[in-house]
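Undergrad: Here the protein sequences come in this chain order: C and S. In short: position in the first sequence from 1, add 15, done, that's our numbering. In short: position in the second sequence from 1, add 15, done, that's our numbering. Submitted below is the structure of interest, expressed as structure tokens.
Number of protein chains: 2
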Amino acid sequence: MKEDRLQVNMDEFLPLRDVVFKTLRKGILTGELKPGERLMEIHLANRLGVSRTPIREAIRKLELEGLVTMVPRRGAEVANITEKNLKDVLEVRQALESLAIELACERITEENKEDLRQKLDQVETAVRTGDTGAIASADVAFHDAIVELSGNMRLMQLVSNLGEQMYRYRFEYIKDVTKHSQIMSEHRIMFDSIMENDKEKAATIVKVHINNQEEAIMRKIQKEQGAAAGGR
Amino acid sequence: MKEDRLQVNMDEFLPLRDVVFKTLRKGILTGELKPGERLMEIHLANRLGVSRTPIREAIRKLELEGLVTMVPRRGAEVANITEKNLKDVLEVRQALESLAIELACERITEENKEDLRQKLDQVETAVRTGDTGAIASADVAFHDAIVELSGNMRLMQLVSNLGEQMYRYRFEYIKDVTKHSQIMSEHRIMFDSIMENDKEKAATIVKVHINNQEEAIMRKIQKEQGAAAGGR
DNA sequence: CATTTGTACTTTGTATACATTGAATTGTAC
DNA sequence: GTACAATTCAATGTATACAAAGTACAAATG
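Quick look at the structure:
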């Protein structure tokens with residue numbers, strides 16, 4: 016029997032629509048719900064043990080987030096991710112993360128510096144262990160910390176949303192062990208730039224960092240598409 | 016009898032939720048629905064002549080767009096716009112419009128150049144007439160054209176959304192007649208930079224342009240807040 | 001054999017009913 | 001008159017019922 020990972024977490028005291036929203040989003044981001052797959056309300060409602068109403072409201076939010084697309088009179092399906100789409104997202108992300116680190120340079124305080132240094136340490140420790148999952152989380156935590164230092168709530172929200180769009184590719188850059196020393200040095204330079212309040216250097220290295228990620232992801236996508244085309 | 020401008024437009028062949036969504040958003044942006052005002056489902060349903068279901072789904076989307084905030088067990092209310100909030104939006108907008116014009120420099124084609132020139136002409140004509148509304152539309156059209164030239168769909172979507180957040184302040188910069196020549200010259204420089212593929216100049220002038228808008232809006236907000244504080 | 005039409009079924013779109021909770025109001029005691 | 005408690009009311013959260021539209025499949029007709 017196939018195990019059904021898509022389960023609502025009843026521990027949280029949230030409206031069902033938010034629980035369903037999180038559940039579906041997680042399902043899409045982890046790839047459990049595959050691009051192009053139809054999201055049928057009754058089916059999901061039965062599967063999650065709720066009525067259609069919370070399902071529908073969750074879908075409305077996923078729709079606006081761009082994770083599902085609506086086909087009139089046919090319902091929702093998981094949004095397809097195209098190469099163009101990812102390039103667009105990365106282009107915007109580059110601009111926003113540059114802005115974030117520039118603002119972080121301006122606005123960082125002494126206490127925050129120590130905190131950021133710890134996050135950097137965690138990245139370096141994780142890289143030394145070679146544990147891909149640990150590297151990914153430490154990397155995310157480091158970047159989130161920088162965005163948070165910007166003090167701009169809207170920026171935090173947008174970067175987080177754009178990050179989600181690429182969740183399922185987050186390992187691509189990290190999986191390549193030969194890049195590990197490069198990753199470490201990039202993070203180190205970001206950290207140093209912030210310490211030195213060097214906005215230009217900071218923005219530049221962020222752009223390089225994201226470009227490197229983009230290359231890794233694009234290689235992966237093209238491989239996927241090649242495989243798909245060959246399998247026809 | 017007070018006229019009720021908040022009416023659904025039945026001409027459109029859209030699901031009711033989308034009609035309601037557009038109607039409510041318009042109401043919020045134009046100020047008909049004021050910040051802090053509660054959006055009660057039954058009330059709105061009666062007012063718009065539909066059931067609660069489409070209302071609720073529309074609110075879910077407005078929630079994710081940031082135009083309404085949810086209070087648990089109390090429902091939705093129109094989001095308050097704080098000075099901090101607007102500054103955050105403008106900061107992000109500056110980064111994104113800079114990106115847009117840089118990309119436009121790279122990607123513009125000969126046909127598009129003529130089109131953009133026309134949009135510039137319309138701005139200049141509107142400024143000469145002094146018609147605030149005409150200037151505002153021509154200005155929006157010019158900026159939209161630039162963002163479109165970027166060829167980045169995600170960027171278009173985000174800039175458009177951020178623009179909405181500030182819709183009700185869109186006249187502040189334009190209303191000041193003494194700034195009109197400045198507006199014209201800023202647009203002219205943006206146009207020229209794109210023609211010359213001068214990314215740096217383009218990004219710089221966009222930042223100046225948005226900074227000027229920010230100043231005008233901030234003056235307005237502070238005046239509003241001063242009036243509110245004095246009226247206590 | 002292909003094409004078209006009709007019918008049944010699936011799924012969404014919308015409305016309404018029921019449950020639950022929070023707030024407000026009223027009443028009573030001190 | 002004030003404070004506190006009980007009750008009522010109003011609004012959201014959730015479920016379900018009904019209507020409309022689209023799809024698929026089968027039968028009939030050319």
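Yeah, the Cβ is synthetic: ideal placement off N, Cα and C, and Gly gets one too. It should be emphasised that the depicted structure is a prediction, and the values quoted were computed from it without experimental measurement.
Could you check whether S:A151 and S:I189 sit closer than 7 Å to each other, using their CB atoms as the reference points?
TA: Position 174 of the second sequence, counted from the start, is the residue given in the question as residue 189 of chain S. Position 136 of the second sequence, counted from the start, is the residue given in the question as residue 151 of chain S. In this structure, S:A151 lies closer than 7 Å to S:I189 by Cβ.
Undergrad: Tell me the rounded alpha-carbon separation between C:T45 and S:T147.
TA: On the first sequence, residue 45 of chain C is found 30 positions in, with the first residue counted as 1. On the second sequence, residue 147 of chain S is found 132 positions in, with the first residue counted as 1. Cα to Cα, the separation comes out at about 50 Å.
Undergrad: Shorter than 7 Å from the beta carbon of C:R234 to some beta carbon of chain S?
TA: Taking the first sequence and counting its residues from 1, one reaches residue 234 of chain C at position 219. Chain S contact via Cβ: absent.
Undergrad: Whole angstroms is fine: what's the gap from S:G170's alpha carbon to C:L79's?
TA: The count along the second sequence starts at 1 and reaches residue 170 of chain S at position 155. The count along the first sequence starts at 1 and reaches residue 79 of chain C at position 64. Note on identity: in this sequence residue 170 of chain S is Leu, with Gly being the wrong assignment. In a straight line, the C-alpha of S:L170 is about 15 Å away from that of C:L79.
Undergrad: Please state the DSSP three-state secondary structure of C:A91.
TA: Reading the first sequence from its first residue, position 76 is the one you call residue 91 of chain C. Looking at C:A91 - three-state DSSP - the assignment turns out to be strand.
Undergrad: DSSP state of S:E18, grouped into three classes?
TA: As a working mapping, residue 18 of chain S is identified with position 3 in the second sequence. Confidence at S:E18 is low in this model, with a pLDDT of 45, below 50, so the placement of that residue should be treated as unreliable; the coordinate-derived value is given next. The answer is coil: DSSP assigns S:E18 none of H, G, I, E or B.
Undergrad: What does S:L111 touch in chain C if you count any residue whose Cβ is under 8 Å from its own?
TA: For the purposes of this step, residue 111 of chain S is taken as the residue at position 96 of the second sequence. V107, A110 and L111, listed in chain order.
Undergrad: Please classify C:M248: does DSSP put it in a helix, a strand, or coil?
TA: As displayed, chain C neither begins before 16 nor continues past 247, which places residue 248 of chain C out of reach and without an answer.
Undergrad: Quick one: does C:V104 have its CB under 7 Å from some CB of chain S?
TA: What you label residue 104 of chain C is simply residue 89 of the first sequence in a count that begins at 1. Chain S, which has a Cβ nearer than 7 Å to the Cβ of C:V104, makes this yes.
Undergrad: With S:T84 as the anchor, note down where its beta strand (DSSP E) starts and where it stops.
TA: Numbered from 1 along the second sequence, position 69 holds the residue referred to as residue 84 of chain S. Element bounds for S:T84: V83 to V86.
Undergrad: So, with DSSP's three-state summary, where would you put S:L54?
TA: The residue you call residue 54 of chain S lines up with position 39 of the second sequence. In the structure shown, S:L54 sits in a strand (DSSP, three-state: E or B).
Undergrad: Give every residue of the same chain whose Cβ lies closer than 6 Å to the Cβ of C:F206, excluding the five residues on either side of it in the sequence, and list them in chain order.
TA: Within the first sequence, numbered from 1, the residue matching residue 206 of chain C stands at position 191. Cβ neighbours of C:F206 beyond the five flanking positions: L135.
Undergrad: I want to see whether chain C comes within less than 7 Å of S:E56, judged by CB atoms only; does it?
TA: Your numbering for residue 56 of chain S matches position 41 in the second sequence. No, no contact with chain C.
Undergrad: For S:G42, does the count of other Cβ atoms within 10 angstroms reach 16, so buried, or fall short, so exposed?
TA: In the second sequence, counting from the first residue as 1, residue 42 of chain S sits at position 27. Buried is the call here.
Undergrad: Would you say S:N167 faces chain C, with C-beta separation under 7 Å as the test?
TA: Here residue 167 of chain S refers to the residue found at position 152 of the second sequence. Taking a beta-carbon distance threshold of 7 Å, S:N167 counts as an interface residue toward chain C.
Undergrad: Buried or exposed for C:F157, please, with buried defined as at least 16 other CB atoms from any protein chain shown within 10 angstroms of its CB.
TA: Your numbering for residue 157 of chain C matches position 142 in the first sequence. Buried, by the Cβ-count rule.
Undergrad: Considering only the beta carbon of each residue, do C:A115 and C:S175 sit closer than 7 Å?
TA: Here residue 115 of chain C refers to the residue found at position 100 of the first sequence. Here residue 175 of chain C refers to the residue found at position 160 of the first sequence. No, these two residues do not count as a Cβ contact at 7 Å.
Undergrad: Counting contacts by CB-CB distance shorter than 7 Å, is S:E72 in contact with chain C?
TA: Here residue 72 of chain S refers to the residue found at position 57 of the second sequence. Closer than 7 Å: yes.
Undergrad: Determine, using beta carbons only, whether C:R75 comes closer than 7 Å to chain S.
TA: Along the first sequence, one-based indexing puts residue 75 of chain C at 60. Yes, C:R75 counts as interfacial toward chain S.
Undergrad: Can you name the start and end residues of the alpha helix (DSSP H) that C:M171 belongs to?
TA: Residue 171 of chain C sits at position 156 when you count from the first residue of the first sequence. M168 to Q180 is the span of the alpha helix (DSSP H), which, as asked, contains C:M171.
Undergrad: Is S:R185 helix, strand or coil when you go by DSSP?
TA: Walking along the second sequence from the start, residue 185 of chain S turns up at place 170. Looking at S:R185 - three-state DSSP - the assignment turns out to be coil, as it is neither helix nor strand.
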